[in-house]
């Protein structure tokens with residue numbers, strides 16, 4: 250079969266032939282019909298510091314955002330049959346470790362990530378553990394099916410645990426308007442946030458999309474004289490915002506988020522930092538009584554069901570579809586990567602056209 254392969258350490262990847270997967274008894278074989286490109290794929294393409302420390306296996310098929318059709322089912326798999334339209338939970342868990350048994354399967358001690366630790370979805374076929382497959386509503390557009398995994402990040406940021414219901418009627422700030430940050434704006438509005446603030450660097454596409462996702466105030470943090478914390482505290486009568494989503498991985502944004510957070514407020518951290526971040530823990534966290542959630546992946550499968558519920562709302566689904574800037578044949582994979590690297594698109598999905 251044809252696939253996008255990371256054959257060795259170093260920048261880039263290539264389309265080449267590789268063996269078609271032979272599924273085990275607990276797996277399904279899926280033929281992708283649409284695939285999304287994620288920020289993780291860009292890291293692996295660049296082979297930056299994170300990728301150098303994370304990738305252990307070569308060669309590996311890249312990609313993890315999937316909409317596909319089941320073409321074969323292992324004999325022990327239940328609930329799926331040939332022809333089903335599926336997506337994949339990309340955190341492959343073992344189900345036996347302490348974290349899995351405590352209901353935290355997304356934090357499995359023996360976690361494998363599709364497209365990083367095991368072969369991914371940028372291929373003509375991919376093998377998926379049956380326990381990781383998610384059956385889609387056939388009425389859902391394939392491009393939306395393919396980006397439910399990153400959308401699940403945004404939903405997990407907003408709903409990090411059971412009985413955390415602090416968004417309806419409250420103020421929210423989203424720091425960083427990459428694809429998941431933009432999705433989180435739409436999620437916050439769908440959950441009833443009274444006012445959403447969004448910050449982004451000088452990226453016209455993202456700034457415009459933040460407004461289209463429903464942000465009430467969008468701040469370009471590179472504009473001269475913009476004091477993000479002051480603007481947002483003034484807009485909230487000096488009290489600060491109730492909830493912060495830190496999506497950027499910027500040390501400056503993290504500090505700003507804690508400074509603008511109201512005492513007793515909640516901050517969810519998704520952005521990955523390149524190095525340790527110095528913070529005034531006393532004033533910004535302890536004395537403020539801040540509630541902090543680290544977000545990794547999606548709660549399996551609580552977040553998927555929450556995402557499904559949100560996607561039933563036509564207006565929410567319309568907003569999410571606006572994030573897909575282009576559909577590009579996978580034969581032009583490098584072109585798609587360069588488009589994202591140049592910030593010429595918010596989200597790109599790949600069609601399985603290999604020639």
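Numbering (my numbering), first residue to last: 250 to 604. Every residue, glycine too, gets a C-beta built ideally from N, C-alpha and C.
Practice task
Output the distance between the C-alpha atoms of residue 314 and residue 370, rounded to the nearest integer angstrom.
Solution key: Taking the chain shown and counting its residues from 1, one reaches residue 314 at position 65. Taking the chain shown and counting its residues from 1, one reaches residue 370 at position 121. Rounded to the nearest angstrom, the two C-alpha atoms are 7 Å apart.
Handout entry: Inter-residue spacing [alpha-carbon to alpha-carbon] between residue 325 and residue 550
Key = For the purposes of this step, residue 325 is taken as residue 76 along the chain shown, with counting starting at 1. For the purposes of this step, residue 550 is taken as residue 301 along the chain shown, with counting starting at 1. In a straight line, the C-alpha of residue 325 is about 20 Å away from that of residue 550.
Practice task
Would you check if the distance between the CB atom of residue 415 and the CB atom of residue 493 is smaller than 7 Å?
Solution key: As a first step, residue 415 must be located in the chain shown, where it is residue number 166. As a first step, residue 493 must be located in the chain shown, where it is residue number 244. Not a contact, by the Cβ cut-off of 7 Å.
Practice task
Evaluate contact between the region 276-286 and the region 358-376, counting only Cβ atoms and requiring at least three cross-stretch pairs below 8 Å.
Solution key: yes
Exercise for the section: For residue 559, name the three-state secondary structure that DSSP assigns. Expected result: The count along the chain shown starts at 1 and reaches residue 559 at position 310. Residue 559 falls in the helix class under three-state DSSP.
Problem - Residues that DSSP places opposite residue 382 in a beta bridge - result: What you label residue 382 is simply residue 133 of the chain shown in a count that begins at 1. Beta-bridge pairing links residue 382 to 337.
Handout entry: Contact under 7 Å by Cβ, residue 503 with residue 284
Key = Taking the first residue of the chain shown as position 1, residue 503 is located at position 254. Taking the first residue of the chain shown as position 1, residue 284 is located at position 35. No, the Cβ-Cβ distance between residue 503 and residue 284 is not below 7 Å.
Exercise for the section: Spatial neighbours of residue 456 within its chain, please: CB distance less than 8 Å, with the 5 preceding and 5 following residues excluded, ordered by chain position. Expected result: Translated into positions along the chain shown, residue 456 becomes position 207. So the list reads 426, 449, 467, 469, once near-sequence residues are dropped.
Exercise for the section: Output the boundary residues of the alpha helix (DSSP H) element that contains residue 290. Expected result: To locate residue 290, count along the chain shown from 1; it is residue 41. Where residue 290 is concerned, the enclosing alpha helix (DSSP H) stretches over 288-295.
Practice task
Look at the Cβ atom of residue 580, then the Cβ atom of residue 603, and state whether they are nearer than 7 Å.
Solution key: The residue given as residue 580 occupies position 331 in the chain shown. The residue given as residue 603 occupies position 354 in the chain shown. Result yes, Cβ atoms of residue 580 and residue 603 sit closer than 7 Å.
Practice task
Classify residue 527 as helix, strand or coil using the three-state DSSP reduction.
Solution key: Reading the chain shown from its first residue, position 278 is the one you call residue 527. It is coil, neither helix nor strand.
Exercise for the section: Answer yes or no: do residue 387 and residue 334 have a C-beta to C-beta separation smaller than 7 Å? Expected result: In the chain shown, the residue the question calls residue 387 occupies position 138. In the chain shown, the residue the question calls residue 334 occupies position 85. Their beta carbons are under 7 Å apart, which means residue 387 touches residue 334 by this criterion.
Exercise for the section: Please check the pair residue 260 and residue 296, which I expect to be a contact at CB under 8 Å, by giving their CB distance rounded to whole angstroms. Expected result: Within the chain shown, numbered from 1, the residue matching residue 260 stands at position 11. Within the chain shown, numbered from 1, the residue matching residue 296 stands at position 47. The pair is a contact, with the Cβ atoms about 5 Å apart (cut-off 8 Å).
Exercise for the section: Run the CB neighbour count on residue 438, radius 10 Å, all protein chains shown included, and call it buried at 16 or more, exposed below. Expected result: Walking along the chain shown from the start, residue 438 turns up at place 189. Under this definition residue 438 is a buried residue.
Practice task
Leaving aside the five residues before and after residue 589 along the sequence, list all residues of the same chain whose C-beta is less than 7 Å from its C-beta, in chain order.
Solution key: For the purposes of this step, residue 589 is identified with residue 340 of the chain shown, where counting begins at 1. Closer than 7 Å at Cβ, skipping near neighbours: 286, 291, 597.
Practice task
Within 10 angstroms of the Cβ of residue 344, are there 16 or more other Cβ atoms? Answer buried if so, exposed if not.
Solution key: Against the chain shown, residue 344 aligns to sequence position 95. Burial call: exposed.
Handout entry: Continuous alpha helix (DSSP H) stretch holding residue 483: start and end
Key = Residue 483 sits at position 234 when you count from the first residue of the chain shown. Run containing residue 483: 477-484, per the alpha helix (DSSP H) assignment.
Exercise for the section: Could you name the residues of the same chain whose beta carbon sits closer than 7 Å to that of residue 435, not counting the 5 residues immediately before and after it, in chain order? Expected result: Within the chain shown, numbered from 1, the residue matching residue 435 stands at position 186. Counting only Cβ-Cβ distances below 7 Å, and skipping sequence neighbours, we find 462, 463, 565, 568, 569.
Handout entry: Sequence ranges, beta strand (DSSP E) only - wholly within the region 409-475, length at least 3
Key = 420-424, 444-449, 466-469
Exercise for the section: Could you tell me if residue 385 is buried or exposed, where buried requires 16 or more neighbouring beta carbons within 10 angstroms of its beta carbon? Expected result: Within the chain shown, residue 385 is the residue found at index 136, counting from 1. Classification of residue 385: buried, given that the 10 Å Cβ count is 16 or more.
Handout entry: For residue 536, the nearest candidate out of 471, 356, 512, 273 (CA to CA)
Key = Indexing the chain shown from 1 puts residue 536 at position 287. Minimum Cα distance to residue 536 is reached at 512.
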